[in-house]
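**Student:** Next up is a structure, given as structure tokens.
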Amino acid sequence: MSSKIKWNNYTSKQFPIHQGVTQGGVLSTHLYKLYINDLPEELKRRGLGLNIGLEYCGSSLCADDIVLMTTDETEIQAMPINPRTAYKIYQAYVIPRLLYGLEILPLNSTQMTELKQFHLKTLRCFQSLPIRTATAAVYMLLGALPIEAEMHKSQLSVLYSILAPENTKLKNLVERQMT
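What follows is the structure, given as structure tokens:
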């Protein structure tokens, strides 16, 4: 899949998109269904969630929303989400929103520490790991990147979108600012 950026009547070269689905794309809903469809069946198989008579109603999917239903407060905690699935959801929905706009803002050490702590705590939570688990193990078990690496990916993406277009005005502006 690839995309282009249009700005002031100039269009960039195509560049590859390596993750996610296009908003409103023809295949987007089908790809999402393939990604999430096993969850309701897994919950039903484990007997978790609400039954009305003989009908299982423990989870309901509508577009990209999921509702997990039960009458037992402890049962909702037992509804398993595979750590890798939780991480994929986190990577697709939370990280982009968490880092939105930060690729162009200078963060001080306190702000960066807060981001790191949140990220690490979230990854530990997905895996039910104790707080004393080594940081490297937390990342390696999921194949996750540190939040700094996620930020660097965003920064490189912004830099590419600035440098790649055929927009000579933008290139001239960048060159002028660099000298």
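Each residue of the sequence shown is one higher than the one before, counting from 1 in full-length UniProt numbering.
Yeah, the Cβ is synthetic: ideal placement off N, Cα and C, and Gly gets one too.
1) From THR29, THR74, LYS153, pick the residue whose C-alpha is nearest to that of ALA62; which is it?
2) Based on the DSSP output, what are the partners of LEU68 in its beta bridges?
3) If you draw a straight line from the C-alpha of PHE126 to the C-alpha of LYS169, how long is it?
4) Does the pairing of the segment 145-156 with the segment 171-179 give three or more beta-carbon distances under 8 angstroms?
5) Are the CB atoms of PHE15 and TYR139 nearer to each other than 8 angstroms?
6) Can you grab the Cα-Cα spacing for the pair GLN91 / LEU142, in whole Å?
7) Since VAL26 is in the alpha helix (DSSP H), which residue starts that stretch and which ends it?
8) To which residues does DSSP link PRO16 through a beta bridge?
9) Whose CA, out of GLY58, HIS152, LEU54, THR85, lies closest to the CA of LYS44?
10) With DSSP run on the structure shown, which of helix, strand or coil describes THR74?
11) Just to confirm the assignment, what range does the alpha helix (DSSP H) spanning residue 198 have?
12) With 16 as the cutoff for other CB atoms within 10 Å, does GLU166 come out buried or exposed?
13) Going by C-alpha distance, which of PRO96, ARG132, SER128, LEU129 is nearest LEU115?
14) Does the ligand COA have even one heavy atom less than 7 angstroms from the beta-carbon of CYS57?
15) If you draw a straight line from the C-alpha of LEU107 to the C-alpha of GLU150, how long is it?
16) Put THR133 into one of helix, strand or coil per three-state DSSP.
17) Grab me the residues of SER154's own chain with a C-beta within less than 6 angstroms of its C-beta, minus the 5 sequence neighbours each way, in chain order.
18) Helix, strand or coil for TYR10? Go by DSSP, reduced to three states.
**Tutor:** This is what the structure gives:
1) Against the sequence shown, residue 62 aligns to sequence position 62. Looking at the sequence shown, residue 62 is not Ala but Cys. For the residues THR29, THR74, LYS153, the minimum Cα distance to CYS62 belongs to THR29.
2) Residue 68 sits at position 68 when you count from the first residue of the sequence shown. Paired residues: SER59.
3) By 1-based counting over the sequence shown, the position of residue 126 is 126. By 1-based counting over the sequence shown, the position of residue 169 is 169. If I take the Cα positions, the gap works out to 46 angstroms.
4) no
5) One-based indexing of the sequence shown puts residue 15 at position 15. One-based indexing of the sequence shown puts residue 139 at position 139. For PHE15 and TYR139, no; Cβs fall outside 8 angstroms.
6) Translated into positions along the sequence shown, residue 91 becomes position 91. Translated into positions along the sequence shown, residue 142 becomes position 142. Distance between the alpha carbons of GLN91 and LEU142: 11 angstroms.
7) Counted from its first residue, the sequence shown places residue 26 at position 26. Element bounds for VAL26: n/a, residue is neither H nor E.
8) Within the sequence shown, residue 16 is the residue found at index 16, counting from 1. Per DSSP, SER2.
9) For the purposes of this step, residue 44 is taken as residue 44 along the sequence shown, with counting starting at 1. Of the listed residues, the one whose Cα sits closest to LYS44 is GLY58.
10) By 1-based counting over the sequence shown, the position of residue 74 is 74. If DSSP states are grouped into helix, strand and coil, THR74 belongs with the helices.
11) Because residue 198 is not part of the residues shown, which for the chain are 1 to 179, the question remains open.
12) For the purposes of this step, residue 166 is taken as the residue at position 166 of the sequence shown. Exposed.
13) Translated into the one-based positions of the sequence shown, residue 115 becomes position 115. Ranking PRO96, ARG132, SER128, LEU129 by Cα distance to LEU115 puts PRO96 first.
14) With respect to small molecules bound, the structure shown includes none, and the ligand COA cannot be examined in it.
15) Working through the sequence shown from its first residue, we reach residue 107 at position 107. Working through the sequence shown from its first residue, we reach residue 150 at position 150. Taking the straight line joining both Cα atoms gives about 14 angstroms.
16) For the purposes of this step, residue 133 is taken as residue 133 along the sequence shown, with counting starting at 1. THR133: coil per DSSP, three-state reduction.
17) By one-based count along the sequence shown, residue 154 stands at place 154. Within the same chain, SER154 has close Cβ partners LEU99, GLU103.
18) If you number the sequence shown from 1, residue 10 lands on position 10. Reduced to three states, the DSSP call for TYR10 is strand.
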